[in-house]
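*Asks:*
2 protein chains.
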Amino acid sequence: MQEKLNMTMKCENFVVNAIGRRVPTIVNGQPVIPYKGLRQHRPTGRKYAPPIPTCIDYPDDGNKVVSSLAEAFKRCGLKDGMTIGTHHHLRDGDLVNNTIFEIAHQLNVKDLVWAPSASFPCNEPLIEHLQNGTIHHIEGSMNGDLGRFTSYGGMKGCAVLRSHGGRVQAIQDGELKIDIAVIAAPSADAFGNATGAEGDSACGVLGYSLADMYYADKVIVVTDNLVPFPCMPFQIQGNYVDYVVVVDKIGIPEKIVSGTTQVTKSPDRLLLAEWTAQFCVEAGLLKDGVGIQTGAGGTSLSVGLHFHEQLKKTGQKARFGFGGTTQYLVKMLEEGVLDYILDAQVFDLEAVSSIKRNINHIDLSVFQAYNYHSKGNYTSMTDIVILGATELDTQFNGNVVTHSDGLLLHGIGGWQNCLHAKCTIIPVPLFRDRIPVIVDNITTLCGPGELIDVVVTERGIAINPLRTDLLDKMRGTSLPIVTMQELKEEVDAICGVPNKAPISAKDEDTVAIIKWVDGTVIDSVRKVLE
Amino acid sequence: MQEKLNMTMKCENFVVNAIGRRVPTIVNGQPVIPYKGLRQHRPTGRKYAPPIPTCIDYPDDGNKVVSSLAEAFKRCGLKDGMTIGTHHHLRDGDLVNNTIFEIAHQLNVKDLVWAPSASFPCNEPLIEHLQNGTIHHIEGSMNGDLGRFTSYGGMKGCAVLRSHGGRVQAIQDGELKIDIAVIAAPSADAFGNATGAEGDSACGVLGYSLADMYYADKVIVVTDNLVPFPCMPFQIQGNYVDYVVVVDKIGIPEKIVSGTTQVTKSPDRLLLAEWTAQFCVEAGLLKDGVGIQTGAGGTSLSVGLHFHEQLKKTGQKARFGFGGTTQYLVKMLEEGVLDYILDAQVFDLEAVSSIKRNINHIDLSVFQAYNYHSKGNYTSMTDIVILGATELDTQFNGNVVTHSDGLLLHGIGGWQNCLHAKCTIIPVPLFRDRIPVIVDNITTLCGPGELIDVVVTERGIAINPLRTDLLDKMRGTSLPIVTMQELKEEVDAICGVPNKAPISAKDEDTVAIIKWVDGTVIDSVRKVLE
Numbered sequence: 018m019q020e021k022l023n024m025t026m027k028c029e030n031f032v033v034n035a036i037g038r039r040v041p042t043i044v045n046g047q048p049v050i051p052y053k054g055l056r057q058h059r060p061t062g063r064k065y066a067p068p069i070p071t072c073i074d075y076p077d078d079g080n081k082v083v084s085s086l087a088e089a090f091k092r093c094g095l096k097d098g099m100t101i102g103t104h105h106h107l108r109d110g111d112l113v114n115n116t117i118f119e120i121a122h123q124l125n126v127k128d129l130v131w132a133p134s135a136s137f138p139c140n141e142p143l144i145e146h147l148q149n150g151t152i153h154h155i156e157g158s159m160n161g162d163l164g165r166f167t168s169y170g171g172m173k174g175c176a177v178l179r180s181h182g183g184r185v186q187a188i189q190d191g192e193l194k195i196d197i198a199v200i201a202a203p204s205a206d207a208f209g210n211a212t213g214a215e216g217d218s219a220c221g222v223l224g225y226s227l228a229d230m231y232y233a234d235k236v237i238v239v240t241d242n243l244v245p246f247p248c249m250p251f252q253i254q255g256n257y258v259d260y261v262v263v264v265d266k267i268g269i270p271e272k273i274v275s276g277t278t279q280v281t282k283s284p285d286r287l288l289l290a291e292w293t294a295q296f297c298v299e300a301g302l303l304k305d306g307v308g309i310q311t312g313a314g315g316t317s318l319s320v321g322l323h324f325h326e327q328l329k330k331t332g333q334k335a336r337f338g339f340g341g342t343t344q345y346l347v348k349m350l351e352e353g354v355l356d357y358i359l360d361a362q363v364f365d366l367e368a369v370s371s372i373k374r375n376i377n378h379i380d381l382s383v384f385q386a387y388n389y390h391s392k393g394n395y396t397s398m399t400d401i402v403i404l405g406a407t408e409l410d411t412q413f414n415g416n417v418v419t420h421s422d423g424l425l426l427h428g429i430g431g432w433q434n435c436l437h438a439k440c441t442i443i444p445v446p447l448f449r450d451r452i453p454v455i456v457d458n459i460t461t462l463c464g465p466g467e468l469i470d471v472v473v474t475e476r477g478i479a480i481n482p483l484r485t486d487l488l489d490k491m492r493g494t495s496l497p498i499v500t501m502q503e504l505k506e507e508v509d510a511i512c513g514v515p516n517k518a519p520i521s522a523k524d525e526d527t528v529a530i531i532k533w534v535d536g537t538v539i540d541s542v543r544k545v546l547e
Numbered sequence: 018m019q020e021k022l023n024m025t026m027k028c029e030n031f032v033v034n035a036i037g038r039r040v041p042t043i044v045n046g047q048p049v050i051p052y053k054g055l056r057q058h059r060p061t062g063r064k065y066a067p068p069i070p071t072c073i074d075y076p077d078d079g080n081k082v083v084s085s086l087a088e089a090f091k092r093c094g095l096k097d098g099m100t101i102g103t104h105h106h107l108r109d110g111d112l113v114n115n116t117i118f119e120i121a122h123q124l125n126v127k128d129l130v131w132a133p134s135a136s137f138p139c140n141e142p143l144i145e146h147l148q149n150g151t152i153h154h155i156e157g158s159m160n161g162d163l164g165r166f167t168s169y170g171g172m173k174g175c176a177v178l179r180s181h182g183g184r185v186q187a188i189q190d191g192e193l194k195i196d197i198a199v200i201a202a203p204s205a206d207a208f209g210n211a212t213g214a215e216g217d218s219a220c221g222v223l224g225y226s227l228a229d230m231y232y233a234d235k236v237i238v239v240t241d242n243l244v245p246f247p248c249m250p251f252q253i254q255g256n257y258v259d260y261v262v263v264v265d266k267i268g269i270p271e272k273i274v275s276g277t278t279q280v281t282k283s284p285d286r287l288l289l290a291e292w293t294a295q296f297c298v299e300a301g302l303l304k305d306g307v308g309i310q311t312g313a314g315g316t317s318l319s320v321g322l323h324f325h326e327q328l329k330k331t332g333q334k335a336r337f338g339f340g341g342t343t344q345y346l347v348k349m350l351e352e353g354v355l356d357y358i359l360d361a362q363v364f365d366l367e368a369v370s371s372i373k374r375n376i377n378h379i380d381l382s383v384f385q386a387y388n389y390h391s392k393g394n395y396t397s398m399t400d401i402v403i404l405g406a407t408e409l410d411t412q413f414n415g416n417v418v419t420h421s422d423g424l425l426l427h428g429i430g431g432w433q434n435c436l437h438a439k440c441t442i443i444p445v446p447l448f449r450d451r452i453p454v455i456v457d458n459i460t461t462l463c464g465p466g467e468l469i470d471v472v473v474t475e476r477g478i479a480i481n482p483l484r485t486d487l488l489d490k491m492r493g494t495s496l497p498i499v500t501m502q503e504l505k506e507e508v509d510a511i512c513g514v515p516n517k518a519p520i521s522a523k524d525e526d527t528v529a530i531i532k533w534v535d536g537t538v539i540d541s542v543r544k545v546l547e
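Residue numbers (the numbering used here), protein chains in the order written: chain A, 18 to 547; chain H, 18 to 547.
(1) Given this structure, state the Cα-to-Cα distance separating H:Y169 from H:S370, to the nearest angstrom.
(2) If we ignore side chains and look at the alpha-carbon of each, how far apart do H:I36 and H:Q189 end up?
(3) In chain H, which residues lie with their C-beta within 9 Å of the C-beta of A:C435?
(4) What did DSSP end up calling H:L468 once you bin it into helix, strand or coil?
(5) Taking the straight line between their C-alpha atoms, what separation do you get for A:N45 and A:G216?
(6) Which value, in whole angstroms, describes the spacing of the CA atoms of H:V49 and H:W533?
(7) If you measure from the beta carbon of H:A66 to each beta carbon in chain A, is any gap under 8 Å?
(8) How many Å lie between A:G542 and A:T527 at the Cα?
(9) According to the neighbour-count rule (16 or more other Cβ atoms, all chains shown, within 10 Å of its Cβ), is H:K266 buried or exposed?
(10) Within 10 angstroms of the Cβ of H:V33, are there 16 or more other Cβ atoms? Answer buried if so, exposed if not.
(11) Please state the DSSP three-state secondary structure of H:G415.
(12) Cutting at 8 Å between CB atoms, please list the residues of its own chain near A:N414, excluding the five before and the five after it.
(13) In whole angstroms, what is the alpha-carbon distance linking A:M24 and A:Q47?
(14) Can you name the residues of chain H whose CB is closer than 9 Å to the CB of A:G2?
(15) Using only alpha-carbon positions, find the residue among A:L426, A:N30 and A:A207 that is nearest to A:V244.
(16) Where does H:H153 sit, in a helix, a strand or coil, going by DSSP?
(17) What are the boundary residues of the beta strand (DSSP E) that includes H:S541?
(18) Answer with yes or no whether the minimum CB distance from H:Y225 to chain A is below 8 Å.
(19) Taking only runs of the alpha helix (DSSP H) that begin and end inside the region 314 to 365 of chain A, which ones reach a length of at least 4 residues, in chain order?
(20) Taking Cβ positions only, does H:P465 come closer than 8 Å to chain A?
(21) Using DSSP with H/G/I as helix, E/B as strand and the rest coil, what is A:R449?
(22) Spell out a yes or no on whether the region 338 to 349 of chain H and the region 306 to 325 of chain H are touching, meaning 3 or more CB-CB pairs, one atom from each, closer than 8 Å.
(23) Three-state secondary structure (DSSP) at H:M18?
(24) For a contact meaning CB atoms closer than 9 Å, what does A:V258 contact in chain H?
(25) With a threshold of 8 Å between beta-carbons, can A:Q593 be considered close to chain H, or not?
(26) If you measure between the beta carbons of A:A529 and A:T500, is that distance less than 8 Å?
(27) Using a Cβ cut-off of 9 Å, pull out every chain H residue sitting near A:I379, in sequence order please.
(28) Who does H:E141 pair with in a DSSP beta bridge?
(29) Listed in chain order, which residues of the region 339 to 373 of chain H have Cβ atoms closer than 9 Å to some Cβ of chain A?
(30) Rounding to the nearest angstrom, what Cα-Cα distance links H:A522 and H:V363 in this structure?
(31) What whole-angstrom Cβ distance do H:L3 and H:F90 have, given they're in contact under 8 Å?
(32) If you draw a straight line from the C-alpha of A:G268 to the C-alpha of H:P270, how long is it?
(33) Decide yes or no for the touch test of the region 368 to 388 of chain A against the region 448 to 455 of chain A: beta carbon pairs closer than 8 Å, at least 3 of them.
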């Protein structure tokens, strides 16, 4: 693996894919499949099959505790070129990810692949390990400083960005083989059963590590709260765990979950939220039994509040709310306007506490919520999702990872997965810092326009022409229904047509690829010129 | 597959295995591995990898309901020689298993393999389908009439008996490939999420179907209680389900779970229970934090009651109780002498109701509890298990499937798995119906004597000589400590040395094999001569 990584170009054999983007067919020495269009790529073959373990190799008393993470890595046979899977449930309070690569560096291991379910600003120290050769490339999100570093071409390999569902699909399908998974756990027992619901570093759930638990060859649980066997109710099953490491602190509690999540106070954003909610009511989307995902951004939260009020007013009840959980969703559950919270990650303290006390606050895995290589998933059964975007074009194609300056500053998260909902609504301002959000050519194409149904801006609401049903329903509304072209002209009149970002045109300057939910490559990201 | 099954002998190439039993190395045309001794067989290779599915092939609205089970079978491509996996949570009230093969017969499908997690007397009608060629053989337990039929050589193929953990191991390892799993579910939604906790046919949990859910190529959920999506809290995940079938009735409630489980009233059995409990106390086994499995037999339940009293009296607390759950275990939990019920199957109504109301009554899977090809499992961490046996020899080897008359009347259940506990105690009467339980040569060897620690009879308690620690601890006890040889002599003096059972001595008369927890063949069962 190592030789292969070093000997090959980051990306080779470029083609134009089905949505008109230039993408490589070889990435980090491995073949990849260009995007073929919606519902066009049918996987062949079988799921990844981890080696069969035996109880012979594990202690009868169930005590898998070893003295340190370095010791666990040695026993796992950590070596050059391996892939390390981690989760992001500790969010910006995570103290484990940086430690992993610090240890790998001390052990003089090179060219590792880091495959986190997401990265956060706190992971900035990993730039050093990308520079000193410990990490070859990242398969995961590239937020903030890591993104800037990647955009300027600092990474040895090519970054691979996947949605939350895409990561699970890739691990399940053997496209992303996790050699060693490290699962930071707020509470765990010596056998490796673990939960995120208890402990000083409580983060609620650990569902993003389930794929790693099932499919990684070796699994290490790292905890700062060792409890007597059995750690119940389990979220991680010790039967899949090789070693348990006890450390002083896995995270900084106040950075793991916000004390509270807050709705926006910006009058512009409040208007977007109000219009979005009104749209959902008038289009008949917000109905009894509705399934919703509103997310945790300030605007989304405000939309959620409107939904709450509306349901209460009409005596209706939402069936399920899912995605990252906040105090607002918990309030809906506890006030009886919502039957179930289906929880894949937790954003605030109230949500952490709720998962322990509310039986209808359910720990849902990413396999269930988002995996496209599954016998169906929850996204296509969700009635309304509210998402963001950094850029949209007049064909409703969306970007969520780069900004118009070309910098890769965000992960895909569940965005691509959620696009499969029955109605995808993106409330966005027409421009940010005088840079248009609606443009002719988006910097990076993360989601095809066919899946984006409604764009709500402060100057009007554009409905995708493919959604003739919605256009029909909104005839005669008092809401300002416009076209994307009109929005584009309006923003150009305000901001001027934007300059092209200073991005390299060369194939060899590809710094990252964007995978679609089916594992194909929907776009590539080029180096930003300094 | 079909041709192979028909063309080969049931069993071929016999050898004597490491525990001295004559076993085949080819069964139903497939190679099998003879038992190598405890902790000697190390698996190679990888887990079974099911085909990768895609959401493209499943309805966006999540509605997988088809008109009938026959229709579901057609869509699954049911054909000759396939293996059908089912669970036994509906116990003797099951109405689904017989229907499956009735339909297969009507569809003129032949030579199916039935792989249930257990069978019950209610499955007697399947004898017809074993006779008419619909079912080639059974991989699972052979209770009552099915066992008698098998013992007299009625089955076309060779039956394969596995423990509960062994079934999961075999499915996981690809040794037992489930083509189509049929999961009878007391409640389910149209997407296939299902639970055993709710509905007229409630059976508590559905954990025995998890292996089928994960590894079968096609999965059908059959329910008599279709609920709105999402059916929560889920035990079966719709993401693994192909079709949902709604029928009038999946089971007969009063036969699914007993209204109540009852302790023994027999004075002899009460004595065994009392001595067993006293032994555990005096040997220091019943201590604070103890993990126990007492089972649901009348004697076991009585042992459990003694444990309850003893813990209460001494102010100690058991950490976990597992195995089949009864009202008595629920009472321990609710009276605070037990921290957790780890539940793999439910035996009575009180246990069904408890799983809904007690957060510390946990739905534990067979993967977690019993799978030997796992990174450890719960059995070796359990302090005390109380088991039964049909026969024991003076080397402490045990039989749990056949009687001294050679008839195969019981499944292995969790028996082999539980032998791995820290202390395995078997309370048995010295004889039943004047037939000795302790014999020179057991009819079928299901568990090696090294793992059976204590045998409690009405004439004394034998401690395995390997357990010098227990022998030491019990020095000076008032309990009658004896040797197995003494017990054997005593029973022979009462009953006379038993006649040899009328069993065929011919290899070609092998009707069943017994797998060990690691997938090797520990013994074979010969035809009973009429």
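A virtual CB, placed ideally from N, CA and C, is assigned to each residue, including glycine.
*Replies:* Walking through what the data contain:
(1) 41 Å
(2) 26 Å
(3) In chain order: nothing, as chain H lies at least about 14 Å away.
(4) helix
(5) 39 Å
(6) 11 Å
(7) yes
(8) Note on identity: in this sequence residue 542 of chain A is Val, with Gly being the wrong assignment. Those two C-alpha atoms are separated by around 6 Å.
(9) exposed
(10) exposed
(11) strand
(12) I36, I459, L462, G464, P465, G466 and I469
(13) Because A:M24 carries a pLDDT of 44, less than 50, the predicted location of this residue cannot be relied on, and the following value inherits that uncertainty. Between A:M24 and A:Q47, the C-alpha separation is close to 12 Å.
(14) This structure cannot settle anything about residue 2 of chain A, because the visible part of chain A is limited to 18 through 547.
(15) A:A207
(16) strand
(17) V538 to R543
(18) no
(19) 315 to 331 and 344 to 351
(20) no
(21) strand
(22) yes
(23) In this predicted model, H:M18 has a pLDDT of only 43, less than 50, meaning its place in the structure is not dependable; the value taken from the coordinates is given anyway. If DSSP states are grouped into helix, strand and coil, H:M18 belongs with coil.
(24) K392 and G393
(25) Lying outside 18 to 547, the shown extent of chain A, residue 593 of chain A is not represented and no answer is given.
(26) no
(27) P247, M249, P250 and F251
(28) Bridge partners of H:E141: none, in fact.
(29) D356, Y357, L359 and K373
(30) 40 Å
(31) Absent from the structure is residue 3 of chain H, since the part of chain H shown begins at 18 and ends at 547.
(32) 49 Å
(33) no
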